[in-house]
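Below is one structure, written out as structure tokens, with a few remarks after it.
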Amino acid sequence: MRLLTGFYDFQVSPASYDYSNFLAGLNAVAKGEGYDHVHVVFVPADNETGFRIDAKPTSTANKVWRRDNLLVPMCRLIGATHTVAHSRDHAVSLMAGDVYPHEWMPDEQKNAYWFAKIRRLIEHYGLAPFQVDEQAKQFVRSWLPADYVTITIRETYNPLCNSNQSEWRQLAFWLRSQGEQVVWVPDTEHAGDAGTQPIGAIAATNVLVRHALYGGAKMNLGVGGGTQCLCWFGGLPFISFKMLSGNYNGTPAWFDRLGLSVGNKLPWATDKQRLVWDGADTFENITENYL
Numbered sequence: 025m026r027l028l029t030g031f032y033d034f035q036v037s038p039a040s041y042d043y044s045n046f047l048a049g050l051n052a053v054a055k056g057e058g059y060d061h062v063h064v065v066f067v068p069a070d071n072e073t074g075f076r077i078d079a080k081p082t083s084t085a086n087k088v089w090r091r092d093n094l095l096v097p098m099c100r101l102i103g104a105t106h107t108v109a110h111s112r113d114h115a116v117s118l119m120a121g122d123v124y125p126h127e128w129m130p131d132e133q134k135n136a137y138w139f140a141k142i143r144r145l146i147e148h149y150g151l152a153p154f155q156v157d158e159q160a161k162q163f164v165r166s167w168l169p170a171d172y173v174t175i176t177i178r179e180t181y182n183p184l185c186n187s188n189q190s191e192w193r194q195l196a197f198w199l200r201s202q203g204e205q206v207v208w209v210p211d212t213e214h215a216g217d218a219g220t221q222p223i224g225a226i227a228a229t230n231v232l233v234r235h236a237l238y239g240g241a242k243m244n245l246g247v248g249g250g251t252q253c254l255c256w257f258g259g260l261p262f263i264s265f266k267m268l269s270g271n272y273n274g275t276p277a278w279f280d281r282l283g284l285s286v287g288n289k290l291p292w293a294t295d296k297q298r299l300v301w302d303g304a305d306t307f308e309n310i311t312e313n314y315l
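Under my numbering, the first residue of the sequence shown carries the number 25, and numbering increases by one thereafter.
Shown next as structure tokens:
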């Protein structure tokens with residue numbers, strides 16, 4: 025059996041949806057090179073928290089929750105097994121088969137989630153789409169038998185990146201007036217807010233249900249962000265708005281570094297997968313690009 029072991033190193037990699045980039049690259053290599061099995065090792069950082077040190081106001085407890093409830097379950101999207109290593113030495117002991125990224129060593133960490141790297145791998149091997157979890161799919165079908173559109177809200181500590189919720193609520197009202205069924209998916213930290221649809225709240229806290237929900241939708245709408253990568257790398261329909269947020273990672277220079285220049289689409293995009301570079305997430309801009 026040919027084994028490919030991927031090392032997601034928290035010394036240099038975040039406990040966030042950026043992990044989906046890592047998985048997409050790992051899966052492209054695994055499928056392209058004909059590996060029989062993939063195993064993911066989560067490598068703790070060499071500090072007391074076990075996670076990368078950065079300026080984001082995210083607690084260690086929150087990072088642990090994200091690792092265990094977001095990153096670990098996502099291994100199912102590529103059929104991978106996993107180990108959460110308790111130390112860097114433990115991670116080294118798990119080096120078996122071939123290693124991804126190929127140059128990974130505990131004393132010479134390399135991040136493997138950078139989009140530019142993943143894009144090159146997918147362009148070389150082709151996209152190996154994330155697979156919808158079968159049980160999650162059955163749950164969604166039992167809850168939502170009809171066609172529907174999802175609206176995913178981003179509501180983080182950084183207002184520049186966030187969704188303009190009043191505009192999206194106007195869109196949801198308009199879509200329903202047109203006979204569409206709309207599922208509102210809040211940001212994870214706001215899943216319990218009053219008035220949240222039950223399925224939206226479940227999807228906000230269960231990544232396999234979120235992915236299955238997106239997989240069954242006629243269209244998935246939202247501003248650019250980590251959750252959209254489930255669609256980007258899953259072959260699912262989406263329109264991502266507000267790509268140029270004005271934040272450090274929402275500028276033309278930033279996207280040039282990623283190899284995704286303003287105005288371009290994902291190299292593997294279908295006609296139901298679009299990036300909207302112009303304008304903010306206003307009702308007018310959303311409807312103009314949706315219709």
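A virtual CB, placed ideally from N, CA and C, is assigned to each residue, including glycine.
Treat the numbers as computed from the prediction; the structure is a model and nothing was measured.
Local conformation of Gly303 per DSSP, three classes = Residue 303 sits at position 279 when you count from the first residue of the sequence shown. Here Gly303 sits in coil by DSSP.
How many angstroms separate the CA atom of Phe163 from the CA atom of Ala170?
-> Start at 1 with the first residue of the sequence shown, and residue 163 comes out as number 139. Start at 1 with the first residue of the sequence shown, and residue 170 comes out as number 146. If I take the Cα positions, the gap works out to 13 Å.
If we count Cβ pairs, one from each stretch, closer than 8 Å, do we get three or more for the region 209-227 versus the region 253-269?
-> no
Are three or more beta carbon pairs between the region 88-104 and the region 141-149 nearer than 8 Å?
-> no
Find the nearest neighbour of Asp131 within the set Val67, Tyr41, Val206, judged by alpha-carbon distance.
-> Against the sequence shown, residue 131 aligns to sequence position 107. Nearest option by C-alpha distance: Val67.
When we look at the beta-carbon of Gly270 and count the other beta-carbons within 10 Å, is it buried (16 or more) or exposed?
-> To locate residue 270, count along the sequence shown from 1; it is residue 246. Its Cβ having fewer than 16 others within 10 Å, Gly270 is exposed.
His110 by DSSP, collapsed to three states: which one?
-> Taking the first residue of the sequence shown as 1, we reach residue 110 at position 86. Reduced to three states, the DSSP call for His110 is coil.
Tell me whether the beta-carbon of Ile177 lies closer than 8 Å to the beta-carbon of Val207.
-> Residue numbering aside, residue 177 sits at position 153 when the sequence shown is read from its first letter. Residue numbering aside, residue 207 sits at position 183 when the sequence shown is read from its first letter. Cβ atoms of Ile177 and Val207: not closer than 8 Å.
Following the continuous beta strand (DSSP E) through Trp208, name the residue where it begins and the one where it ends.
-> Against the sequence shown, residue 208 aligns to sequence position 184. From DSSP, the beta strand (DSSP E) with Trp208 extends over 206-209.
Give the straight-line distance between the Cα atoms of Tyr287 and Trp301, rounded to the nearest whole angstrom.
-> As a first step, residue 287 must be located in the sequence shown, where it is residue number 263. As a first step, residue 301 must be located in the sequence shown, where it is residue number 277. According to the sequence as given, residue 287 is Gly; it is not Tyr. Whole-angstrom Cα-Cα distance: 6 Å.
Check whether Leu95 and Thr29 have beta carbons under 8 Å apart | For the purposes of this step, residue 95 is taken as residue 71 along the sequence shown, with counting starting at 1. For the purposes of this step, residue 29 is taken as residue 5 along the sequence shown, with counting starting at 1. No, the Cβ-Cβ distance between Leu95 and Thr29 is not below 8 Å.
Going by other Cβ atoms of all chains shown within 10 Å of its Cβ, with 16 needed for buried, is Pro125 buried or exposed?
-> Here residue 125 corresponds to residue number 101 of the sequence shown, with the count starting at 1. So Pro125 counts as buried.
Determine the burial state of Tyr272: buried for a count of at least 16 other Cβ atoms within 10 Å of its Cβ, exposed for fewer.
-> Counted from its first residue, the sequence shown places residue 272 at position 248. Label assigned to Tyr272: exposed.
Between Gly216 and the rest of its own chain, which residues show a CB-CB distance below 7 Å, the 5 nearest in sequence each way excluded?
-> As a first step, residue 216 must be located in the sequence shown, where it is residue number 192. Excluding residues within five positions, the ones whose Cβ falls inside 7 Å are Ala225.
On the DSSP bridge assignment, give the partners of Gln297 in chain order.
-> Counting from one through the sequence shown, the residue named residue 297 turns up at place 273. Its beta-bridge partners are Phe262.
With contact counted as at least three CB pairs below 8 Å, one residue from each stretch, are the region 39-48 and the region 243-255 in contact?
-> yes
Leaving aside the five residues before and after Tyr59 along the sequence, list all residues of the same chain whose C-beta is less than 6 Å from its C-beta, in chain order.
-> In the sequence shown, counting from the first residue as 1, residue 59 sits at position 35. Excluding residues within five positions, the ones whose Cβ falls inside 6 Å are Arg26, Leu28.
Where Met243 falls: helix, strand or coil (DSSP) = Here residue 243 is taken as the residue at index 219 of the sequence shown, counted from 1. Reduced to three states, the DSSP call for Met243 is strand.
Quick one: using the 10 Å Cβ neighbour count with 16 as the cut-off for buried, is Ser111 buried or exposed?
-> For the purposes of this step, residue 111 is taken as residue 87 along the sequence shown, with counting starting at 1. When all chains shown are included, Ser111 counts as exposed.
Which class does Leu168 belong to by DSSP, given the choice of helix, strand or coil?
-> Start at 1 with the first residue of the sequence shown, and residue 168 comes out as number 144. Looking at Leu168 - three-state DSSP - the assignment turns out to be coil, as it is neither helix nor strand.
How would you label Ser83, buried or exposed, when you count the other beta carbons within 10 angstroms and need 16 or more for buried?
-> Position 59 of the sequence shown, counted from the start, is the residue given in the question as residue 83. That one is exposed.
Whole angstroms is fine: what's the gap from Gln194's alpha carbon to Glu204's?
-> Residue numbering aside, residue 194 sits at position 170 when the sequence shown is read from its first letter. Residue numbering aside, residue 204 sits at position 180 when the sequence shown is read from its first letter. Whole-angstrom Cα-Cα distance: 14 Å.
C-alpha gap between Val64 and Ile77, whole angstroms = For the purposes of this step, residue 64 is identified with residue 40 of the sequence shown, where counting begins at 1. For the purposes of this step, residue 77 is identified with residue 53 of the sequence shown, where counting begins at 1. Going from the Cα of Val64 to the Cα of Ile77 covers about 22 Å.
8 Å contact criterion, which His235 and Val156 should meet: CB distance rounded = Taking the sequence shown and counting its residues from 1, one reaches residue 235 at position 211. Taking the sequence shown and counting its residues from 1, one reaches residue 156 at position 132. Right, the Cβ-Cβ distance comes to about 6 Å (below 8 Å), so this counts as a contact.
Residue nearest to Glu213 in terms of C-alpha spacing, selected from Glu179, Ser201, Ile175, Lys289 = The residue labelled residue 213 in the question sits at position 189 within the sequence shown. That would be Glu179, whose Cα lies nearest to the Cα of Glu213.
Put Met98 into one of helix, strand or coil per three-state DSSP.
-> What you label residue 98 is simply residue 74 of the sequence shown in a count that begins at 1. Met98 falls in the helix class under three-state DSSP.
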